[in-house]
Amino acid sequence: MGKRSIPLLAIDGGGTKCLVVFMDRQGNVLGQGKGGSSNYQGIGKDGVIRELLFGMEEAIADLRQKDDSGVPQAEIEVECAVFALAGLDTEYDRRVITGLVQEVLERLPIRVKHLIVENDGYAALLGATGGQPGILAIAGTGSIIFGINEQGRTARAGGWGHRVGDEGSGYWIGKQAVMAILKAHDGREPGTRLAEWVLPHLGMAHEEDLFNWMYGPDYSVEKLSELTCVVGQAASAGDQEAQRILEAAAHELFIGVAAVIRHLSFLDKPFTMILQGGVLQNEGHVRELLMRKIQAYAPQVQPDEARKEPIYGVTAMGLAYLQVQTPAEA
Numbered sequence: 001m002g003k004r005s006i007p008l009l010a011i012d013g014g015g016t017k018c019l020v021v022f023m024d025r026q027g028n029v030l031g032q033g034k035g036g037s038s039n040y041q042g043i044g045k046d047g048v049i050r051e052l053l054f055g056m057e058e059a060i061a062d063l064r065q066k067d068d069s070g071v072p073q074a075e076i077e078v079e080c081a082v083f084a085l086a087g088l089d090t091e092y093d094r095r096v097i098t099g100l101v102q103e104v105l106e107r108l109p110i111r112v113k114h115l116i117v118e119n120d121g122y123a124a125l126l127g128a129t130g131g132q133p134g135i136l137a138i139a140g141t142g143s144i145i146f147g148i149n150e151q152g153r154t155a156r157a158g159g160w161g162h163r164v165g166d167e168g169s170g171y172w173i174g175k176q177a178v179m180a181i182l183k184a185h186d187g188r189e190p191g192t193r194l195a196e197w198v199l200p201h202l203g204m205a206h207e208e209d210l211f212n213w214m215y216g217p218d219y220s221v222e223k224l225s226e227l228t229c230v231v232g233q234a235a236s237a238g239d240q241e242a243q244r245i246l247e248a249a250a251h252e253l254f255i256g257v258a259a260v261i262r263h264l265s266f267l268d269k270p271f272t273m274i275l276q277g278g279v280l281q282n283e284g285h286v287r288e289l290l291m292r293k294i295q296a297y298a299p300q301v302q303p304d305e306a307r308k309e310p311i312y313g314v315t316a317m318g319l320a321y322l323q324v325q326t327p328a329e330a
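Printed below as a string of structure tokens:
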């Protein structure tokens with residue numbers, strides 16, 4: 001079996017999907033694949049291995065289909081591999097995730113010379129801002145806020161996972177909706193019509209079914225996060241509790257953004273503000289309320305769109321590494 005040298009392998013693995021690309025030094029895509037969630041805190045270690053393998057095997061198949069090297073089924077030698085994965089929040093997480101990545105690589109016909117393992121939020125920040133001063137707020141299944149200033153110093157807030165954090169995220173909104181339904185069912189809080197949207201969405205008839213699902217084998221963080229859309233529908237229909245939940249989500253996200261603004265001394269300086277993730281892209285009420293709060297707190301903020309998708313932040317890290325290598329090292 002021969003060998004095929006590939007400069008870069010880049011993996012952007014979030015709480016919803018995992019994108020895998022092989023690239024040359026000019027940033028051209030040579031092969032790509034896609035897997036599911038790669039956050040080990042949500043789907044477990046075996047789940048991460050399964051989804052990474054699926055995405056990488058698909059990318060390898062795509063690479064070989066386009067291969068004109070004349071070497072059939074060649075082993076792939078990667079100069080630099082960058083894995084930007086959700087769930088990397090502490091040094092312990094880094095050790096765990098690095099171990100999972102190494103196990104995945106051992107199962108594939110890939111040999112990596114240099115491995116970089118990073119948080120997916122940091123990669124998304126680089127892709128969104130192009131490395132320029134700015135803050136990226138992500139609220140999808142989970143939530144996190146990352147920022148970078150003119151000196152290249154970074155700061156983050158949130159991103160501590162669904163058990164102790166992820167405020168303002170889809171998961172958090174879904175959980176608040178379930179809590180509101182059960183409290184209203186008990187008579188502990190004023191009535192809400194949220195059950196009229198949530199129960200049919202989940203294929204349920206009674207509030208007790210909701211309780212059983214939350215503690216049963218079919219429950220998942222991702223499924224709970226999907227309730228965000230029906231909370232939005234209830235809010236649009238005038239349900240006050242649904243509106244309160246979305247307003248609280250915006251406020252929780254603002255608290256995180258404000259912390260990063262202070263850490264990076266952006267209060268009286270211009271900076272770009274980018275909002276990403278399903279909650280902020282699909283729930284206009286949350287997005288608009290959050291931006292109003294930020295503009296009142298830091299008047300020089302400049303709302304902007306992401307310059308590139310998160311995967312480009314991942315590839316930027318890898319290409320930066322390749323650029324500083326001498327020909328002998330590369």
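In case it helps, the UniProt record's numbering puts the sequence shown at residues 1 to 330.
Every residue, glycine too, gets a C-beta built ideally from N, C-alpha and C.
(request) Can you tell me which of the three DSSP states GLU167 falls into? (result) As a working note, residue 167 is residue 167 in the sequence shown. Correct three-state label for GLU167: coil.
(request) Would you check if the distance between the CB atom of GLY232 and the CB atom of ILE138 is smaller than 8 Å? (result) Taking the sequence shown and counting its residues from 1, the one referred to as residue 232 is at position 232. Taking the sequence shown and counting its residues from 1, the one referred to as residue 138 is at position 138. Contact flag unset, no.
(message) Which same chain residues end up closer than 6 Å to ILE11 when comparing Cβ atoms and leaving out the 5 residues on each side of it in sequence?
(response) Stepping through the sequence shown from its first residue, residue 11 is reached at position 11. Within the same chain, ILE11 has close Cβ partners VAL20, PHE83.
(request) Decide if GLY216 is buried, meaning its Cβ has at least 16 other Cβ atoms within 10 Å, or exposed. (result) As a working note, residue 216 is residue 216 in the sequence shown. Label assigned to GLY216: exposed.
(request) Kindly give me the distance between the Cβ atoms of GLY127 and ILE311, rounded to whole angstroms, as I take these residues to be in contact under 8 Å. (result) By one-based count along the sequence shown, residue 127 stands at place 127. By one-based count along the sequence shown, residue 311 stands at place 311. With 8 Å as the limit, GLY127 and ILE311 qualify as a contact, their Cβ atoms being about 7 Å apart.
(request) State whether the region 232 to 251 contacts the region 209 to 223, with contact taken as three or more CB pairs (one from each stretch) at a distance under 8 Å. (result) no
(message) Judging by CA-CA distance, which residue of GLY35, GLN240, VAL29, THR154 is the nearest neighbour of ASP67?
(response) Walking along the sequence shown from the start, residue 67 turns up at place 67. Checked all of GLY35, GLN240, VAL29, THR154; the closest Cα to ASP67 is VAL29.
(request) Would you give the residue range spanned by the beta strand (DSSP E) that LEU19 belongs to? (result) What you label residue 19 is simply residue 19 of the sequence shown in a count that begins at 1. Element bounds for LEU19: 17 to 23.
(message) If distances are taken between C-alpha atoms only, which option among GLY15, ARG287, ALA86, LEU319 comes closest to GLU305?
(response) For the purposes of this step, residue 305 is taken as the residue at position 305 of the sequence shown. Of the listed residues, the one whose Cα sits closest to GLU305 is ARG287.
(message) Rounded to the nearest angstrom, what separates PRO303 and TYR297 at their Cα positions?
(response) What you label residue 303 is simply residue 303 of the sequence shown in a count that begins at 1. What you label residue 297 is simply residue 297 of the sequence shown in a count that begins at 1. Going by the C-alpha atoms only, they are around 14 Å apart.
(message) Here's the rule: buried if 16 or more other CB atoms are within 10 angstroms of the residue's CB, otherwise exposed. What is GLU241?
(response) Position 241 of the sequence shown, counted from the start, is the residue given in the question as residue 241. Buried.
(message) Give me the DSSP bridge partner(s) of GLY158.
(response) Stepping through the sequence shown from its first residue, residue 158 is reached at position 158. Answer is ILE144, bridged to GLY158.
(message) Whole angstroms are fine: how far does the CA of SER5 sit from the CA of LYS45?
(response) Counted from its first residue, the sequence shown places residue 45 at position 45. Counted from its first residue, the sequence shown places residue 5 at position 5. Going from the Cα of LYS45 to the Cα of SER5 covers about 29 Å.
(request) Could you spell out where the alpha helix (DSSP H) holding HIS201 opens and where it closes? (result) Locating residue 201 in the sequence shown gives position 201, where the first residue counts as 1. First-last of the alpha helix (DSSP H) with HIS201: 194 to 201.
(request) Look at the alpha carbon of ALA59 and the alpha carbon of ALA86, and state the distance between them as a whole number of angstroms. (result) On the sequence shown, position 59 is the one that residue 59 refers to. On the sequence shown, position 86 is the one that residue 86 refers to. Near 20 Å, if we compare the C-alpha coordinates of ALA86 and ALA59.
(message) Here's the rule I'm using: 16 or more other beta-carbon atoms within 10 Å means buried, otherwise exposed. How should ASP218 be labelled?
(response) In the sequence shown, counting from the first residue as 1, residue 218 sits at position 218. ASP218 is exposed by the Cβ-count criterion.
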